[in-house]
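Report on the structure given below.
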Amino acid sequence: MLSRAMPERSRPSTALPGLTVADVERQLEGRAEVLAAARRPYAELEKALSGRRWRRALTRRPELVPALVAEAQAVEEALERVQRRAVQEAWPDDTPVLKAARELSARRERLTRLARRRLEVLTVAPEGVSLEELLTRLDALVSQEVRWALNPGEVLVYEAVAQGAQENREKRFRAELPAYYGWIWCFGLPATLAAWVLAPPGLKSLAIALFVGTGMGPPLWDLLRSGHAKLTSERLLWKPTFGPLQEVRLGTIGDGGVRVERTWDLRVEGERRWHAPALRDAAELALLVELHRQPPLRGAARTGVRLDSVAVFPAMLGKRKGFCVLGPQGLSFIPEGKGPQALRAVTGHPSALRGFESDRVLDALRWLPEAEFDACVMRMVEATGGLAWSRAEARYVPGSPVWRRIRIERGSLTLTGRVRWEQQEAAERLLRDWPR
-1 MLSRAMPERS RPSTALPGLT VADVERQLEG RAEVLAAARR PYAELEKALS
49 GRRWRRALTR RPELVPALVA EAQAVEEALE RVQRRAVQEA WPDDTPVLKA
99 ARELSARRER LTRLARRRLE VLTVAPEGVS LEELLTRLDA LVSQEVRWAL
149 NPGEVLVYEA VAQGAQENRE KRFRAELPAY YGWIWCFGLP ATLAAWVLAP
199 PGLKSLAIAL FVGTGMGPPL WDLLRSGHAK LTSERLLWKP TFGPLQEVRL
249 GTIGDGGVRV ERTWDLRVEG ERRWHAPALR DAAELALLVE LHRQPPLRGA
299 ARTGVRLDSV AVFPAMLGKR KGFCVLGPQG LSFIPEGKGP QALRAVTGHP
349 SALRGFESDR VLDALRWLPE AEFDACVMRM VEATGGLAWS RAEARYVPGS
399 PVWRRIRIER GSLTLTGRVR WEQQEAAERL LRDWPR
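In this note's numbering, the protein residues as written are -1 to 434.
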């Protein structure tokens, strides 16, 4: 920065005796006026960014950043000119224009650090960029409107812990308010109550406070961290109970930009930082974000149509647990415990995500056309050590409703399973044409 290059003290004043302050400023050809005019906008912006409600301050004063950036080149040139003249002509330290230049340079340094810190809250701040670049990017992110409602042409993929528009309220409640405080209610409250009963009279008020804190503290803490997640064909959104709405566009998320911490703490980095701190199904949402941010699923949900000519359900092949994909031409079996391998087979890239099974990947692939879906499933079969049977070489053994049991045989091998109610119709339609 300019202030680092500027000496702390100029050489003793030996040159240009009798030169007045007005003479010095006149020789600077208007640069002293540039520095004087810059003091106020720099001070106002520093004050705005220093407060706790800095985002609101920038929104209320949208002219602050553009005004400073517009004059940045003139200010930098004036600072350089003053620095050079001060060294060449050995200006005294108390020369007003030199003092003003040093103060402004110091403020620019503080403002650069402050702008970087504020930008790091919203996104990853690149190294080696100027103050003006930091401020421009910060201003753009703060002023950008974030909409919870879907934009025209945008399709809902996942909401809270529900797939599509169907919502399991009980599961959503558990997801938004993690249940670990149940252990405290089961063990902490009885212990605290016992302490209150056994406490001396002088300590009973303390025991009551401990009782209330133990009972109300954990759920209150979780309520403060709770919120509502939404994944669309274009964006990932988080609406916390308290705090600003968060958004990140799927196309801006890079490799390694999706991670889960402490089971339900989901963090995403793209054009913005995105953080949902209390989402029970964080692993499932992380998987969907990882799939929808890149090919082949990138943008596939824009059609709003999910493949209904297949059925995916838990199954057993002999004694092996896994998942079956039942289609018009045959079936595929993916062994259990192969989620990461299945994900890599689809995207072509390794991922650090864990805690999910292959059926979640298969279900997400239903946004693809049938040919692309089949190609992805075959790659998953090869990558996970699964198998595939054509309809012609296997036979369906009827006898039970598909929601209770499906049995398909091929030679000495038997595959069994059952479908959930939402795929019952598809499974019945597919098995109607199978050999028996």
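Note that CB positions come from ideal geometry on N, CA and C, so glycine has one too. Computed from a prediction, not measured in an experiment: that's the story for all the values here.
Burial is judged here by how many other beta carbons sit within 10 angstroms of a residue's own beta carbon; glutamate 130 has at least 16 and is buried. Here valine 153 is near glycine 302, since their CB atoms are less than 8 Å apart. Residue environment analysis places alanine 138 among the exposed positions, since fewer than 16 neighbouring C-beta atoms fall within 10 angstroms of its C-beta. Judged by their CB atoms, threonine 121 and arginine 29 are not nearer to each other than the 8 Å cut-off. In this structure, the CA atom of leucine 324 is about 12 Å from the CA atom of glutamate 423. Fewer than three Cβ pairs drawn from the segment 394 to 409 and the segment 333 to 340 lie within less than 8 Å of each other, which leaves the two stretches out of contact. In terms of Cα proximity to glutamine 292, the closest of Val310, Gly252, Gly328, Glu259 is Gly252.
Closest by C-alpha distance to tyrosine 156, out of Pro60, Pro64, Lys228, is Lys228. The beta carbon of histidine 347 lies closer than 7 Å to those of Asp253 in the same chain, with the five residues before and after it left out.
Sorting Pro275, Glu267, Arg105 by C-alpha distance to the C-alpha of proline 238 places Pro275 at the top. The continuous beta strand (DSSP E) containing lysine 237 extends over residues 233 to 238. Inter-segment contact for the segment 348 to 363 and the segment 282 to 289 is present: three or more beta-carbon pairs are separated by less than 8 Å. Beyond the five residues adjoining it in sequence on each side, histidine 273 comes within less than 6 Å, by CB distance, of Arg265 in the same chain, given in chain order. Taking C-alpha positions only, serine 307 is separated from arginine 278 by approximately 31 Å. By the Cβ neighbour-count rule, glycine 268 is buried, with 16 or more other Cβ atoms within 10 Å of its own. Proline 312 is bridged by DSSP to Phe321. Here alanine 340 really is in contact with methionine 378; their C-beta atoms are around 5 Å apart, less than 8 Å. When the beta-carbon positions are compared, arginine 430 and phenylalanine 311 stay at least 8 Å from each other. For the pair valine 95 and valine 80, the CB atoms are nearer than the 8 Å cut-off. Non-local beta-carbon contacts of valine 246 in its own chain, meaning distances under 6 Å to residues more than five positions away in sequence, involve Leu234, Val266, Gly268, Arg270, Trp272 in chain order.
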